[in-house]
Amino acid sequence: MKAAVITFPGSNRDGDVAKALKQAGAEVAHVWHADSELPAGTDLVVLPGGFSYGDYLRTGAIAGRAHIMDATRAHAARGGYVLGICNGFQIACEAGLLPGILVRNAHLKFVCKRQHLKVERNDTPYTRSYAAGQAIDVCIAHGEGNYIADAQTLARLEGEGLVAFRYADETGAVTPEANPNGSLNNIAGIYSPGFNVLGLMPHPENLIDSLVGGTDGRGLFESLVSAKAA
Amino acid sequence: MKARVTVTLKTGVLDPQGKAIEGALKSLGIEGVDSVRQGKVFDIELSGSDKAAAETALKAACDKLLANTVIENYRIEIGA
Numbered sequence: 001m002k003a004a005v006i007t008f009p010g011s012n013r014d015g016d017v018a019k020a021l022k023q024a025g026a027e028v029a030h031v032w033h034a035d036s037e038l039p040a041g042t043d044l045v046v047l048p049g050g051f052s053y054g055d056y057l058r059t060g061a062i063a064g065r066a067h068i069m070d071a072t073r074a075h076a077a078r079g080g081y082v083l084g085i086c087n088g089f090q091i092a093c094e095a096g097l098l099p100g101i102l103v104r105n106a107h108l109k110f111v112c113k114r115q116h117l118k119v120e121r122n123d124t125p126y127t128r129s130y131a132a133g134q135a136i137d138v139c140i141a142h143g144e145g146n147y148i149a150d151a152q153t154l155a156r157l158e159g160e161g162l163v164a165f166r167y168a169d170e171t172g173a174v175t176p177e178a179n180p181n182g183s184l185n186n187i188a189g190i191y192s193p194g195f196n197v198l199g200l201m202p203h204p205e206n207l208i209d210s211l212v213g214g215t216d217g218r219g220l221f222e223s224l225v226s227a228k229a230a
Numbered sequence: 001m002k003a004r005v006t007v008t009l010k011t012g013v014l015d016p017q018g019k020a021i022e023g024a025l026k027s028l029g030i031e032g033v034d035s036v037r038q039g040k041v042f043d044i045e046l047s048g049s050d051k052a053a054a055e056t057a058l059k060a061a062c063d064k065l066l067a068n069t070v071i072e073n074y075r076i077e078i079g080a
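Residue numbers (my numbering), protein chains in the order written: chain P, 1 to 230; chain H, 1 to 80.
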């Protein structure tokens, strides 16, 4: 598995996600946003978390138009994997890789806390190391994580099983109380129709070592590496 | 040539920032405020004097970057 982690001006989780990928056995290259090509043989493009361009205009809006995003869109169109985490999810939506948009949290507060997610399905390249319906313990840190889409898009996401993760309690129950930001249907992450693009607000890369409180995030990176090997 | 692009949230899109501003206006005792919706204004200087070309360029600017048409509408005004 060859991963390319893109660094935009203001990305700050590129190092952490690279560590998580290496731990799972991936080779990682760091790629600058102004480059126009991905390294040869790239299997996975990662849009990391952070505050690209200081969240100017809209979160992810300017990064979503960076040169490297043309190559990323072409990679996704060929069926290549693209993983957008937090600001990377916002960038993926702004770049047209995923539908909908992330807007200001409904309660207007930046949330930074541990958060359980329900894994909706485990037959995708990103979740095969988890069980369907499993509650995983990761964390969130965002001010604009409130996922919205028009009714038709939402119906399509639900109808085609493209919701990857939902905010849930520790038992995996998807409740209004477990929704930290007002996202429609507690959506924390979504897939593209081919399941090769995943965007999610939570940070699985934070929870990969028991030294810092948990390892539930590892499964996502291990899933990807084993999906490539399969 | 000067132009102004105004980007506003579509009807029905939740605007928590507008709501917070509305609450603050009410707490200041400003009377008669029914609701507030927050938007963005871009003042743009354009070279050339062809209004139709400017309109085309600004429309592209809005569709490609200035507005996210999932949630926002835009209005273009071209001045002298």
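Virtual Cβ for every residue (Gly too), placed ideally from N, Cα, C.
- Closest in C-alpha terms to residue 144(P), from the list 46(P), 105(P) and 28(P), comes 105(P).
- Using a Cβ-Cβ cut-off of 9 Å, residue 70(H) is close to 93, 99, 100, 101, 148, 149, 150 and 153 of chain P, given in chain order.
- Contact note: residue 57(H) does not reach chain P at a C-beta cutoff of 9 Å; the least C-beta distance is about 16 Å.
- Rounded to the nearest whole angstrom, the C-alpha separation of residue 16(H) and residue 107(P) is 7 Å.
- Residues 47, 52, 60, 63, 64 and 84 of the same chain have their beta carbon placed closer than 7 Å to that of residue 91(P), with the five preceding and five following residues left out of the count.
- The beta carbons of residue 34(P) and residue 75(P) sit no closer together than 8 Å.
- For residue 54(H), the closest Cβ of chain P is not nearer than 8 Å.
- Of the candidates 74(H), 51(H) and 50(H), 74(H) places its Cα closest to the Cα of residue 61(H).
- For residue 220(P) against residue 214(P), the beta-carbon gap comes to about 13 Å, at or over 8 Å, which does not count as contact.
- Proximity of residue 65(P) to chain H, defined by a Cβ-Cβ separation below 8 Å, is satisfied.
- For residue 25(H), the closest Cβ of chain P is not nearer than 8 Å.
- Taking 3 residues as the minimum length, the beta strand (DSSP E) runs contained wholly in the segment 96-140 of chain P are 101-103 and 111-119, in order along the chain.
- Three or more Cβ pairs closer than 8 Å define a contact, and the segment 116-131 of chain P meets that threshold against the segment 160-177 of chain P.
- Shown here for residue 180(P): same chain residues with a beta carbon closer than 7 Å to its own, the five before and five after excluded, namely 111, 115, 140 and 167 in chain order.
- With respect to chain H, the C-beta atom of residue 74(P) has no partner C-beta closer than 8 Å.
- Residue 85(P): member of the beta strand (DSSP E) spanning 81-85, first to last residue.
- For residue 3(H), the three-state secondary structure derived from DSSP is strand.
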